[in-house]
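Enquirer: I have a structure I would like to understand better, so I am pasting it below and will then ask my questions one at a time.
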Amino acid sequence: MNGVHDMGGMHGMGPVQPEINEPVFHERWESRVYVLTRAIGAWRKWNIDTGRYYIERIAPAEYLRMSYYERWFARLVELLVKTGMVTQDEIRKGVPEPGAQKASPPLRVDGVPAVALNRNIESNIDRSVRPKFKAGQRVRALNIQPLGHTRVPRYARGKTGRIHRDNGVYNFPDTNAEGRGPKRQHVYSVRFTARELWGAQASPRDFVYIDLWDDYLERA
Amino acid sequence: MNGVHDMGGMHGMGPVQPEINEPVFHERWESRVYVLTRAIGAWRKWNIDTGRYYIERIAPAEYLRMSYYERWFARLVELLVKTGMVTQDEIRKGVPEPGAQKASPPLRVDGVPAVALNRNIESNIDRSVRPKFKAGQRVRALNIQPLGHTRVPRYARGKTGRIHRDNGVYNFPDTNAEGRGPKRQHVYSVRFTARELWGAQASPRDFVYIDLWDDYLERA
Amino acid sequence: MKTSRRGFIAAMSSPAPSPADAAEQQHGHQHQTVPSDISLRVKSLESLLVEKGLVDPAALDALVDTYENKVGPRNGSKIVARAWVDPAYKRRLLSDAPRAIAELGFPSVQGEHMVALENTGKVHNMVVCTLCSCYPWTLLGLPPVWYKSSAYRSRAVIDPRGVLKEFGLDLPANVELRVWDSTAELRYLVVPERPAGTKDMDEEALAGLVTRNSMIGVEKVKSPTQRVVR
Amino acid sequence: MKTSRRGFIAAMSSPAPSPADAAEQQHGHQHQTVPSDISLRVKSLESLLVEKGLVDPAALDALVDTYENKVGPRNGSKIVARAWVDPAYKRRLLSDAPRAIAELGFPSVQGEHMVALENTGKVHNMVVCTLCSCYPWTLLGLPPVWYKSSAYRSRAVIDPRGVLKEFGLDLPANVELRVWDSTAELRYLVVPERPAGTKDMDEEALAGLVTRNSMIGVEKVKSPTQRVVR
Numbered sequence: 001m002n003g004v005h006d007m008g009g010m011h012g013m014g015p016v017q018p019e020i021n022e023p024v025f026h027e028r029w030e031s032r033v034y035v036l037t038r039a040i041g042a043w044r045k046w047n048i049d050t051g052r053y054y055i056e057r058i059a060p061a062e063y064l065r066m067s068y069y070e071r072w073f074a075r076l077v078e079l080l081v082k083t084g085m086v087t088q089d090e091i092r093k094g095v096p097e098p099g100a101q102k103a104s105p106p107l108r109v110d111g112v113p114a115v116a117l118n119r120n121i122e123s124n125i126d127r128s129v130r131p132k133f134k135a136g137q138r139v140r141a142l143n144i145q146p147l148g149h150t151r152v153p154r155y156a157r158g159k160t161g162r163i164h165r166d167n168g169v170y171n172f173p174d175t176n177a178e179g180r181g182p183k184r185q186h187v188y189s190v191r192f193t194a195r196e197l198w199g200a201q202a203s204p205r206d207f208v209y210i211d212l213w214d215d216y217l218e219r220a
Numbered sequence: 001m002n003g004v005h006d007m008g009g010m011h012g013m014g015p016v017q018p019e020i021n022e023p024v025f026h027e028r029w030e031s032r033v034y035v036l037t038r039a040i041g042a043w044r045k046w047n048i049d050t051g052r053y054y055i056e057r058i059a060p061a062e063y064l065r066m067s068y069y070e071r072w073f074a075r076l077v078e079l080l081v082k083t084g085m086v087t088q089d090e091i092r093k094g095v096p097e098p099g100a101q102k103a104s105p106p107l108r109v110d111g112v113p114a115v116a117l118n119r120n121i122e123s124n125i126d127r128s129v130r131p132k133f134k135a136g137q138r139v140r141a142l143n144i145q146p147l148g149h150t151r152v153p154r155y156a157r158g159k160t161g162r163i164h165r166d167n168g169v170y171n172f173p174d175t176n177a178e179g180r181g182p183k184r185q186h187v188y189s190v191r192f193t194a195r196e197l198w199g200a201q202a203s204p205r206d207f208v209y210i211d212l213w214d215d216y217l218e219r220a
Numbered sequence: 001m002k003t004s005r006r007g008f009i010a011a012m013s014s015p016a017p018s019p020a021d022a023a024e025q026q027h028g029h030q031h032q033t034v035p036s037d038i039s040l041r042v043k044s045l046e047s048l049l050v051e052k053g054l055v056d057p058a059a060l061d062a063l064v065d066t067y068e069n070k071v072g073p074r075n076g077s078k079i080v081a082r083a084w085v086d087p088a089y090k091r092r093l094l095s096d097a098p099r100a101i102a103e104l105g106f107p108s109v110q111g112e113h114m115v116a117l118e119n120t121g122k123v124h125n126m127v128v129c130t131l132c133s134c135y136p137w138t139l140l141g142l143p144p145v146w147y148k149s150s151a152y153r154s155r156a157v158i159d160p161r162g163v164l165k166e167f168g169l170d171l172p173a174n175v176e177l178r179v180w181d182s183t184a185e186l187r188y189l190v191v192p193e194r195p196a197g198t199k200d201m202d203e204e205a206l207a208g209l210v211t212r213n214s215m216i217g218v219e220k221v222k223s224p225t226q227r228v229v230r
Numbered sequence: 001m002k003t004s005r006r007g008f009i010a011a012m013s014s015p016a017p018s019p020a021d022a023a024e025q026q027h028g029h030q031h032q033t034v035p036s037d038i039s040l041r042v043k044s045l046e047s048l049l050v051e052k053g054l055v056d057p058a059a060l061d062a063l064v065d066t067y068e069n070k071v072g073p074r075n076g077s078k079i080v081a082r083a084w085v086d087p088a089y090k091r092r093l094l095s096d097a098p099r100a101i102a103e104l105g106f107p108s109v110q111g112e113h114m115v116a117l118e119n120t121g122k123v124h125n126m127v128v129c130t131l132c133s134c135y136p137w138t139l140l141g142l143p144p145v146w147y148k149s150s151a152y153r154s155r156a157v158i159d160p161r162g163v164l165k166e167f168g169l170d171l172p173a174n175v176e177l178r179v180w181d182s183t184a185e186l187r188y189l190v191v192p193e194r195p196a197g198t199k200d201m202d203e204e205a206l207a208g209l210v211t212r213n214s215m216i217g218v219e220k221v222k223s224p225t226q227r228v229v230r
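Here it is, written out as structure tokens:
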């Protein structure tokens, strides 16, 4: 979707403000939102693409107003209800509905070390999936406007670059986010000149590398 | 500027919600903000392009949060202070600084009829300014990323269309908004196919006409 | 009213109460229980500007009166009705709107920079301002909230047929759709199709049929029978 | 803290108090005088999820401990330091990062889908995720707020040299600048240049010089003398 999350190239967002001695979490609730999301993730009720999609679906005014972990909280509540893991009524009351069966969490404390540092992504090696392109070829990012989740940023659409590297095989976010299958395909690092992306005012020595899936590209 | 105000083509803003029997103003303060802006306009301390620019400069999160006339109010305050018509202290206290000279408003009640329905735009006929393009020519909207005010929407940049009509001569917003001169030039209605703008999924019978200045265009 | 102007906050698809909703509700309640902060701030600014002699209070009231009572879509309706009954006038309107508009006795300045667009069975025009809220207000009055909304501004250019459907207009696929993005000082007035069943109506009665939305191009003018049926 | 995360609300250029500022202040005050609404909501959700048996409270605490104390930029620093002292290792790291990272005893999963990018006097790499917040957290810990901010995400691709300047790095015009937008599952680790004046330092001491920001590519690693001077 052409959402406000797709903000590469926007102006007006102010200066970057690094913080000295930044803590990992600024407030306790932030850490709880983060680890609740990770712990619930162990139920595998949704995948990473769905997770990203539900951040993007936050209405633009709210998305920009919210802090990072406020977005995570909004997503968690939304997906818990959507997947039927909790009901709206339970969220409202903060307690399980009368007679609700108590589940057994798939992630226990002894499982944490294995899970906490593991991104849980399948191998990107799959000889059965053929690449459409190879390093050195000129490609154009398609001018498409998917209504759902997608990982081809607007600033790259219709722009021409060169395949820098074949990164191997990954799930296709556009279908995977909506449960329409992983549609595994090659992802390439594509090198674009800043001038192609932003016009003649850009530095001729600036380049942007974007990881793009086979389905986002055509020969140019 | 590539601001959030430049929202043509964005998704996620929800359904259009027409209101039955909508009043001209929903609350009294909205009407006051509108007419204060018009009445202060009679001082000619800023032009229409500057006025638009100062709406666009509202930070994106605030821009989306605010209602239409809240933006107008933010702009009015900003420009009153910026032009020195009032001080920040006066805004804060709501009264003129001690010893401030009382001005005489350029717009009096008897002047309202002439002003209220008049857009006050100079004639668009100026034989001394030659057009760069003529009807029927194929043109490309430049891929430019002006940091300041501009009226070439992002969704048109780099896209090719056809000159539909020469609309005559107008001030150039990019310079005029920042007091760098009106740089008067021809403005054309340019016809783009929806497919050029949005890709193959668009209807072949949809077209978008955009009014674009000479400086935004090149031959294609 | 709040609802329609907050359309863009209509968050996720699921009706789950999200923190966003909660924040909205909280915000809304505030505005109901205490005097609106913005209202007080505007009052304070107005009195400051009056005291400083920067604005004339009587002029402010006259301006409000003008926009609330003296301009409005009926000006545009008269032009459309004239075009419907007088083919020569319509030709003049479509080829040189400023002059044709001035003919009807509107101050000529009103018609300047105006372009009239004719809707037919083959071509449909609709108007948007994606960058702000440009609108032919000298002929139609101040724009409605939906016209200025993020929803309309974002979607009218990328999903115009979807937007029209929400206005109840299901445009046949073979009709050419022209969306006019008002990026400059040109202002666009759509001349909608004259509906069936209006042969016997006079110009004034016809003007009464013409809606504001039809002159923006987001709906058709309904025939009088349709109106009765509804 | 609020300030840095609200960078995007830094509204107009003039310091005039705008309604936006006022609204912000009001919002801020609320959160200071009453317990944070979001904090209560999170607590309530956590207790619900625990009661429903969906999460194990001990696992939650162990997760917090892991992210607060067990991952962090020092993992990345060790890899960089090894690359600095061992040219053969650096070659392996640049050509096959997952394997080279696994060599150092990190669980191999950590290194999967990782790409190492070498900064030199001729080529500078920096990393961003314009669409969300993708970051090599298995090696660098959770990303800092600035990395996740609208400011960085919007500007890193269109004004990378301007962003670097704000981090104190004025990149010479003749240096090639490569910005990596992490749109997929690849994660990028920048191997910064080894600074001057470090000939006599051992691997552990070198690792101590390597900053998180230098491994994102927004600053250089300072030489120990520079650090003293500051």
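Protein chains in written order, with the working numbering: chain H, 1 to 220; chain G, 1 to 220; chain D, 1 to 230; chain B, 1 to 230. C-beta atoms are modelled at their ideal positions from N, C-alpha and C, and glycine is treated no differently.
(1) Mind checking which residues open and close the alpha helix (DSSP H) that includes Tyr63(G)?
(2) Just mark Asn21(G) as buried or exposed, buried being the case when its beta carbon has 16 or more other beta carbons within 10 Å.
(3) Terminal residues of the continuous beta strand (DSSP E) containing Gly41(H)?
(4) How close, in whole Å, do the beta carbons of Leu45(D) and Ile91(G) come, if the pair is a contact with beta carbons under 8 Å?
(5) Quick test of your reading: Arg178(D) and Asn125(D), contact by CB under 8 Å. State the CB separation rounded to the nearest angstrom.
(6) Please report how far the alpha carbon of Ser182(D) lies from the alpha carbon of Lys222(B), in whole angstroms.
(7) Quick one, are the C-beta atoms of Trp72(H) and Thr50(H) less than 8 Å apart?
(8) Just to confirm, is the Cβ distance from Lys90(B) to Val175(B) under 8 Å?
(9) Is it the case that the Cβ atoms of Tyr53(G) and Ala141(G) are separated by a distance below 8 Å?
(10) Measuring alpha carbon to alpha carbon, tell me which residue in Val218(D), Asp200(D), Ala58(D), Ala196(D) is nearest Leu107(G).
(11) Pull up the distance between the alpha-carbon of Trp43(G) and that of His26(G), whole angstroms please.
(12) Please report whether the beta-carbon of His164(G) lies at a distance below 8 Å from any beta-carbon of chain H.
(13) Checking contacts by CB at 8 Å: is His133(H) closer than that to chain B?
(14) Quick check: what's the CA-CA separation for Leu186(B) versus Gly41(H)?
(15) Identify the continuous beta strand (DSSP E) that holds Ser166(H) and give its terminal residues.
(16) Count the other CB atoms, across all protein chains shown, that sit within 10 Å of the CB of Glu178(G); report buried if there are 16 or more and exposed otherwise.
(17) So which residues on chain H does Trp198(G) lean against when the C-beta distance must stay under 8 Å?
(18) On the DSSP bridge list, what partners appear for Leu217(G)?
(19) Is it buried or exposed, Pro98(G), if we count other Cβ atoms within 10 angstroms and call 16 or more buried?
(20) Below 7 Å on C-beta distance, what does Ile64(H) contact in chain G?
(21) What are the start and end residues of the beta strand (DSSP E) that includes Glu176(D)?
(22) Could you round the C-beta distance between Phe124(G) and Tyr170(G) to whole angstroms and report it? I think they count as a contact, below 8 Å.
(23) Quick one: which chain H residues come within Cβ less than 8 Å of Asp56(B)?
(24) Is Lys222(D) near the ligand GDP - that is, is its Cβ less than 7 Å away from at least one heavy atom of it?
(25) Cβ of His149(H) less than 8 Å from any chain G Cβ?
(26) Less than 6 Å between C-beta atoms, sequence neighbours within five positions excluded: which residues of the same chain meet that for Leu79(G)?
(27) Any residues in the stretch 19-31 of chain H with a beta carbon nearer than 9 Å to a beta carbon of chain B? Which ones, in chain order?
(28) Any beta carbon from chain H within less than 8 Å of Val16(G)'s own beta carbon?
(29) What residues from chain B crowd round Asp206(H), counting only those whose CB sits closer than 9 Å?
(30) Cα-Cα, which of Asp37(D), Ser150(D), Val55(D) is closest to Val86(G)?
(31) Please confirm whether Gln17(H) and Ala151(B) have their CB atoms less than 8 Å apart.
(32) Please confirm whether Val190(G) has its beta-carbon closer than 8 Å to some beta-carbon of chain H.
(33) How would you list, in chain order, the residues of chain D whose beta-carbon sits under 9 Å from the beta-carbon of Asn167(G)?
(34) Give every residue of the same chain whose Cβ lies closer than 6 Å to the Cβ of Asn75(D), excluding the five residues on either side of it in the sequence, and list them in chain order.
(35) I'd like the list of long-range same chain contacts for Arg151(H), defined as Cβ closer than 6 Å, with 5 residues on each side in sequence excluded.
(36) Output yes if chain H places a C-beta closer than 8 Å to the C-beta of Lys199(B); else output no.
Expert: On the basis of the data shown:
(1) Its alpha helix (DSSP H) spans residues 60-65.
(2) exposed
(3) It is not in any beta strand (DSSP E) - Gly41(H) instead sits in the alpha helix (DSSP H) that spans 28-41.
(4) 7 Å
(5) About 5 Å; that satisfies the 8 Å criterion.
(6) 53 Å
(7) no
(8) no
(9) In this structure, the beta-carbon distance from Tyr53(G) to Ala141(G) does not fall below 8 Å.
(10) Ala58(D)
(11) 27 Å
(12) no
(13) Checking the sequence shown, residue 133(H) turns out to be Phe, not His. Judged by the 8 Å Cβ criterion, Phe133(H) is not in contact with chain B.
(14) 20 Å
(15) First, the amino acid is wrong: residue 166(H) is Asp here, not Ser. Per DSSP, Asp166(H) belongs to the beta strand (DSSP E) from 160-170.
(16) exposed
(17) Taking the beta carbon of Trp198(G) as reference, the chain H residues within 8 Å of it are Asn143, Gln145, listed in sequence order.
(18) Ala141(G)
(19) exposed
(20) According to the sequence provided, residue 64(H) is Leu. The question's Ile does not apply to it. Those are Pro60, Ala61, Leu64, listed as they occur along chain G.
(21) 176-181
(22) Note that residue 124(G) is Asn in the sequence shown here, rather than Phe. Their Cβ separation, rounded to whole angstroms, is 6 Å, which keeps Asn124(G) and Tyr170(G) in contact under 8 Å.
(23) What Asp56(B) touches in chain H: Ala39, Pro105, Leu107, Arg108, Val109.
(24) Although the ligand GDP was asked about, the structure shown includes no ligands whatsoever.
(25) no
(26) Excluding sequence neighbours, Leu79(G) sits near Trp46, Tyr54.
(27) Glu19, Glu22, Pro23, Val24, Phe25, His26, Glu27, Arg28, Trp29, Glu30, Ser31
(28) no
(29) Pro160, Arg161, Glu176, Leu177, Arg178, Val179
(30) Val55(D)
(31) The answer is yes: Cβ separation under 8 Å.
(32) no
(33) The answer, in chain order, is His113, Val115, Ala184, Glu185, Leu186.
(34) Excluding residues within five positions, the ones whose Cβ falls inside 6 Å are Leu139.
(35) Pro173
(36) Not closer than 8 Å to any Cβ of chain H, the Cβ of Lys199(B) fails to qualify, so no.
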